[in-house]
Amino acid sequence: MSIQSETTVVRAADEAPTVRRRELSEGARAERRLGWLLCAPAVIVMVAVTAYPIAYAVYLSLQRYNLELPNAVKFVGLSNYAAVLSSWYWWHALIITLIITIVSVAIELVLGMLLALLMHRTLFGRNTVRTAALIPYGIVTVAAAYSWQFAWTPSTGYLSALFGNGAPLSHTGQAIGVIILAEVWKTTPFMALLLLAGLSLVPEDLQRAAKVDGATAWQRFVRITLPLMKPAILVALLFRTLDAFRIFDNIYILTKGGNNTGSVSILGYDNLFNALNLGIGSAISILIFICVAIIAVLFIKGFGTAAPGTDTGRR
Amino acid sequence: MARTDNRKKIGWGAANTIAVVLTLIPVLWIVSLSFKSPAAITDASFWPKEWTWSNYSGILQTSQFIEPLLNSIGIGLIATVIAVLLASMAAYAVARLAFPGKQVLIGMALLIAMFPAISLVTPMFSIERALGLFNTWPGLIIPYVAFGLPLGIYILSAFFREIPWELEKAAKMDGATPFQAFTRVIAPLAAPGMVTTAILVFLFCWNEFLFAISFTSTIGARTAPAALAFFSGSSQFTSPTGPIAAAAVVITIPIIIFVLFFQRRIVAGLTSGAVKG
Numbered sequence: 013m014s015i016q017s018e019t020t021v022v023r024a025a026d027e028a029p030t031v032r033r034r035e036l037s038e039g040a041r042a043e044r045r046l047g048w049l050l051c052a053p054a055v056i057v058m059v060a061v062t063a064y065p066i067a068y069a070v071y072l073s074l075q076r077y078n079l080e081l082p083n084a085v086k087f088v089g090l091s092n093y094a095a096v097l098s099s100w101y102w103w104h105a106l107i108i109t110l111i112i113t114i115v116s117v118a119i120e121l122v123l124g125m126l127l128a129l130l131m132h133r134t135l136f137g138r139n140t141v142r143t144a145a146l147i148p149y150g151i152v153t154v155a156a157a158y159s160w161q162f163a164w165t166p167s168t169g170y171l172s173a174l175f176g177n178g179a180p181l182s183h184t185g186q187a188i189g190v191i192i193l194a195e196v197w198k199t200t201p202f203m204a205l206l207l208l209a210g211l212s213l214v215p216e217d218l219q220r221a222a223k224v225d226g227a228t229a230w231q232r233f234v235r236i237t238l239p240l241m242k243p244a245i246l247v248a249l250l251f252r253t254l255d256a257f258r259i260f261d262n263i264y265i266l267t268k269g270g271n272n273t274g275s276v277s278i279l280g281y282d283n284l285f286n287a288l289n290l291g292i293g294s295a296i297s298i299l300i301f302i303c304v305a306i307i308a309v310l311f312i313k314g315f316g317t318a319a320p321g322t323d324t325g326r327r
Numbered sequence: 016m017a018r019t020d021n022r023k024k025i026g027w028g029a030a031n032t033i034a035v036v037l038t039l040i041p042v043l044w045i046v047s048l049s050f051k052s053p054a055a056i057t058d059a060s061f062w063p064k065e066w067t068w069s070n071y072s073g074i075l076q077t078s079q080f081i082e083p084l085l086n087s088i089g090i091g092l093i094a095t096v097i098a099v100l101l102a103s104m105a106a107y108a109v110a111r112l113a114f115p116g117k118q119v120l121i122g123m124a125l126l127i128a129m130f131p132a133i134s135l136v137t138p139m140f141s142i143e144r145a146l147g148l149f150n151t152w153p154g155l156i157i158p159y160v161a162f163g164l165p166l167g168i169y170i171l172s173a174f175f176r177e178i179p180w181e182l183e184k185a186a187k188m189d190g191a192t193p194f195q196a197f198t199r200v201i202a203p204l205a206a207p208g209m210v211t212t213a214i215l216v217f218l219f220c221w222n223e224f225l226f227a228i229s230f231t232s233t234i235g236a237r238t239a240p241a242a243l244a245f246f247s248g249s250s251q252f253t254s255p256t257g258p259i260a261a262a263a264v265v266i267t268i269p270i271i272i273f274v275l276f277f278q279r280r281i282v283a284g285l286t287s288g289a290v291k292g
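Below you can see the structure in the form of structure tokens.
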């Protein structure tokens with residue numbers, strides 16, 4: 013199940029329809045209809061749950077709509093956006109989110125690469141490491157977040173006791189450190205597994221040839237392994253960056269967004285359930301959606317032709 | 016030579032040990048907390064000095080935990096079955112049939128995989144209240160199916176491409192309709208891929224938190240992770256740390272065992288879904 017073998021299958025499957033389309037026989041038409049029929053239920057559910065609510069959010073974001081004042085709903089144009097974009101809360105939450113995203117993804121990339129190399133190269137105990145690495149992936153995020161929260165609670169936690177009975181969760185900077193720690197612990201194995209799949213595509217012969225030519229382990233890693241793994245690294249980074257940008261569970265449990273540690277997702281949640289303001293909340297929703305779209309576009313530009321979802325020209 | 020081999024062995028062994036210990040410590044800590052008595056919670060020691068089951072017996076007697084646990088199992092299973100069914104239909108079409116709009120479907124699934132869930136919370140909250148879906152099982156099942164589908168379509172279309180074409184053709188030659196070729200020939204061959212998909216979708220549902228706290232208001236539909244965040248302890252006067260730890264262990268340990276049991280499938284599914292794209 014390597015990328016190469018899959019690409020050839022895809023190419024073969026792509027050539028077939030062009031030949032068939034020319035005649036468009038009865039069979040081809042039946043095939044089309046069946047194709048649409050089989051996809052329809054999935055498409056309907058996906059559209060109903062994402063496209064429709066987003067369109068509705070655009071509509072709501074242009075209204076003054078507070079659940080406490082249901083009779084005062086009124087079209088207000090872009091003033092909700094103006095209110096959000098001129099508010100300190102939005103920019104602060106955005107900066108916190110970006111810090112958490114960039115720092116945790118950078119740490120995860122390094123640790124994930126080390127873990128992937130360990131799982132790929134270790135002389136013994138490979139299965140034990142792989143099994144252990146799946147534990148953080150399998151654990152419910154909320155449960156893991158509680159473990160970290162209690163560990164850093166003064167007079168309860170072993171980590172707090174270890175660091176002079178400190179209460180890091182009540183200081184902005186330290187709390188963000190704990191949030192990043194919880195995030196990195198939980199998701200590094202996922203990163204490592206994606207990178208491991210990329211590592212297994214690096215031909216062993218190439219490594220051996222370079223070794224014979226006198227390349228050091230570091231040179232082999234930088235000159236051979238990394239360039240060949242670029243697609244796998246970009247995919248892993250894209251998935252993890254978007255995931256980290258959406259961070260909610262860990263912050264909700266660890267600090268509830270207190271002490272200025274809230275991410276944009278926490279801001280959106282608080283706005284709906286504390287302020288009960290559907291108009292402002294929807295404007296925040298749309299702005300977060302735009303941020304995620306920008307991140308995705310930047311990454312896909314970085315992919316070039318190796319973008320996932322494009323069948324042609326991958327590798 | 017033997018000496019460098021030994022040194023290498025020690026190096027890898029140390030690296031292995033560090034990796035395993037780092038992954039285990041937070042899990043062991045929450046297990047340890049769950050066995051401490053309320054008085055011992057504040058002693059800050061890593062291991063309990065005396066072990067007690069009282070946190071477990073406490074939470075297993077309260078409907079505040081039992082009902083959400085049943086909700087989690089029910090909602091997770093139903094969403095998984097629907098998502099796998101719809102995803103295998105779409106993935107079959109993607110892998111086997113020629114029809115216009117295939118790329119649109121793949122692109123749409125990719126978009127949803129990247130979709131920020133929080134963007135849906137405000138509009139969906141409003142829609143679900145209008146439709147009477149708020150605080151019901153379907154109110155969570157529907158979004159879970161939608162977010163499970165992209166994962167399912169990717170994994171299953173990758174699996175479906177590996178299945179030999181000839182068998183389907185042979186079935187059609189023997190007079191089977193394309194639909195029969197799907198249900199009788201391909202589906203059984205695709206079962207391993209479907210199991211992998213089911214596992215990953217179920218894990219997603221089991222773990223999901225944002226929708227679970229946003230679209231529910233009582234234990235009538237609230238799932239276990241969401242209930243944990245609203246936990247007040249088995250009685251009003253006990254600190255909830257012990258009960259929360261016990262509840263966290265109850266919702267985590269079965270899943271960890273499950274993940275370890277199916278680890279090969281999970282690794283295959285995760286990497287095929289992401290690297291193959």
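These protein sequence lines are chains A and B, in that order.
Mapping of the first sequence onto our numbering: position 180 corresponds to residue 192, and the numbering continues sequentially without gaps.
Mapping of the second sequence onto our numbering: position 264 corresponds to residue 279, and the numbering continues sequentially without gaps.
We put the beta carbon where it would ideally sit given N, CA and C, even for glycine.
Predicted, not measured: the structure shown is a model, and the values here were computed from it.
Going by DSSP, name the residue or residues bridged to residue i.
i: Asn78/A; result: Asn289/A
i: Phe87/A; result: Gln75/A
What does a CB cutoff of less than 7 Å around residue i pick up in its chain, not counting 5 residues either side in sequence?
i: Gly28/B; result: none
i: Phe301/A; result: Ile66
i: Ala55/B; result: Pro63, Lys64 and Glu65
i: Ala110/B; result: Ser172, Phe175 and Arg176
i: Arg76/A; result: Ala84, Val85, Lys86, Val88 and Gly291
i: Ser69/B; result: Ser52
i: Leu297/A; result: The sequence given here places Ser at residue 297/A; Leu does not occur at that position. Excluding residues within five positions, the ones whose Cβ falls inside 7 Å are Ala69 and Gly280.
i: Ile252/A; result: The question names Ile, but residue 252/A is Arg in the sequence shown. Once the five neighbours on either side are set aside, the close Cβ partners of Arg252/A are Val117, Glu120, Thr199 and Met203.
i: Val154/A; result: Asp261 and Ile265
i: Leu37/B; result: none
Tell me which residues share the same chain as residue i and place their Cβ nearer than 6 Å to its Cβ, disregarding the 5 neighbours each side in the sequence.
i: Leu182/B; result: Val200
i: Thr324/A; result: Legend: pLDDT at Thr324/A = 39, less than 50; position of this residue unreliable, value from coordinates given subsequently. Excluding positions up to five away in sequence, the list is empty.
i: Ile93/B; result: Ile156
i: Gly154/B; result: Glu143, Leu148 and Phe230
i: Val265/B; result: none
i: Thr237/A; result: Val214
i: Leu250/A; result: Phe311
i: Ala262/B; result: Ile74, Phe80 and Leu243
i: Ala30/B; result: none
i: Tyr159/B; result: Ala94 and Cys220
Once the 5 residues before and after residue i are set aside, which same chain residues still bring their CB inside 8 Å of it?
i: Val196/A; result: Ser116, Ile119, Glu120 and Leu123
i: Ala241/A; result: Correcting the residue type first, residue 241/A is Met in the shown sequence and not Ala. These residues qualify, in order along the chain: Leu207, Gly210, Leu211, Leu213 and Val214.
i: Phe224/B; result: Pro240, Ala241 and Ala244
i: Leu246/A; result: Phe311, Gly314, Phe315 and Ala318
i: Leu90/A; result: Leu74
i: Ile111/A; result: Ile188
i: Glu18/A; result: Below a pLDDT of 50, predicted positions are generally treated as unreliable, and Glu18/A, at 42, falls in that range; no measurement from the model is reported.
i: Val55/A; result: none
Problem set entry | Length at least 4, wholly inside the segment 193-260 of chain A: the alpha helix (DSSP H) runs in chain order | 216-224, 229-232 and 238-257
Problem set entry | Unbroken stretches of the alpha helix (DSSP H), 4 residues or longer, contained in the segment 189-226 of chain B | 202-222
Exercise. Is the segment 98-108 of chain B in contact with the segment 253-262 of chain B, if contact means three or more CB pairs nearer than 8 Å?
Worked result: no
Problem set entry | Segment contact, 8 Å Cβ cut-off, at least three pairs: the segment 227-245 of chain A with the segment 257-267 of chain A | no
Problem set entry | Cβ-based contacts, 8 Å cut-off: residues of the segment 28-39 of chain B near chain A | Gly28, Ala30, Asn31, Ala34, Val35, Leu37, Thr38 and Leu39
Problem set entry | Interfacial residues, the segment 141-169 of chain B to chain A, with Cβ spacing under 8 Å | Ser141, Ile142, Ile157, Pro158, Val160, Ala161, Phe162, Leu164, Pro165 and Ile168
Exercise. What residues from the segment 44-73 of chain A come within 7 Å of chain B, judged by C-beta to C-beta, listed N to C?
Worked result: Arg44, Leu46, Gly47, Trp48, Leu50, Cys51, Pro53, Ala54, Val55, Val57, Met58, Val61, Thr62, Pro65, Ile66, Tyr68, Ala69 and Leu72
For this session: Taking a Cβ distance cut-off of 8 Å, strictly less, list which residues of the segment 252-265 of chain A are near chain B, in chain order.
Result: Leu254, Phe257, Arg258, Phe260, Asp261, Tyr264 and Ile265
For this session: Please go through the segment 96-142 of chain B and give each complete alpha helix (DSSP H) segment of 4 or more residues, from N-terminal end onward.
Result: 117-128
For this session: Below 9 Å between beta carbons is the criterion; list the residues of the segment 226-238 of chain B that meet it against any residue of chain A, in chain order.
Result: Ile228 and Ser229
Problem set entry | Length-filtered (4 minimum) alpha helix (DSSP H) runs lying within the segment 156-185 of chain A | 170-174
Problem set entry | Contacting positions in the segment 73-107 of chain B - beta carbon closer than 8 Å to chain A | Leu101, Ala102, Met104, Ala105 and Tyr107
Exercise. So, do the segment 141-160 of chain A and the segment 276-283 of chain B have three or more beta carbon pairs nearer to each other than 8 Å?
Worked result: yes
Exercise. Pairing CB atoms from the segment 102-113 of chain A with CB atoms from the segment 160-169 of chain A, are three or more of them under 8 Å?
Worked result: no
Exercise. Does the pairing of the segment 79-90 of chain B with the segment 188-199 of chain B give three or more beta-carbon distances under 8 Å?
Worked result: no
Problem set entry | Cβ-based contacts, 9 Å cut-off: residues of the segment 199-210 of chain B near chain A | none
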